[in-house]
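Residue numbers (our numbering): -16 to 139.
For reference, the structure discussed in these notes is given below.
This is the structure in structure tokens:
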């Protein structure tokens, strides 16, 4: 592996004004995210027990249709993970969750899962696809674990 550093910054202490602005922005972002999650928490629980049309009409929210997607087809990674982590919805219902993106909280709703395409695949292609998904999942787990370690590291 060859790494080339283009913009090197020597280790040091940030000035108080710069650090304070960054911390203030992070605190404001976190408060806004928690407020948004609290606001939509009841809507998310309603989606589990009520038909989708009823919940959408009651909460006066508008969902944008992203279309039909398979894994790794252009969705942002956080949205893709959220969409493919929810269970397949029952008829008339939606499986709904949230995805955290920089400066926004996205509500991800899955209305239908089409498994016919998988059933029509030849066995060798299906095996290759399973292997690809296993590798992708392994990479996701490694990235998540790395982020966990970074967030819990004590740097002196």
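Note that the Cβ used here is the ideal one computed from N, Cα and C, for glycine as well.
When you compare only the Cα positions, how much space is there between residue i and residue j?
| i | j | result |
| --- | --- | --- |
| residue 42 | residue 30 | 11 Å |
| residue -2 | residue 68 | 42 Å |
| residue 84 | residue 90 | 11 Å |
| residue 120 | residue 126 | 10 Å |
| residue 96 | residue -14 | 42 Å |
Any idea what DSSP makes of residue i, helix, strand or coil?
| i | result |
| --- | --- |
| residue 87 | strand |
| residue 81 | strand |
| residue -12 | coil |
Only counting the same chain, and skipping five residues up and downstream in sequence, which positions put a Cβ closer than 7 Å to that of residue i?
| i | result |
| --- | --- |
| residue 34 | 75 and 76 |
With a threshold of 6 Å on Cβ separation, who are the neighbours of residue i within its own chain once the five nearest residues in sequence on each side are excluded?
| i | result |
| --- | --- |
| residue -10 | none |
**Prompt:** Does the region 75 to 82 touch the region 32 to 52, meaning 3 or more C-beta pairs lie closer than 8 Å?
**Reply:** yes
**Prompt:** Three or more beta-carbon pairs under 8 Å between the region -11 to 4 and the region 56 to 68, yes or no?
**Reply:** no
**Request:** With a floor of 4 residues, list each alpha helix (DSSP H) that falls wholly inside the region 9 to 62, ordered by position along the chain.
**Result:** 35 to 42
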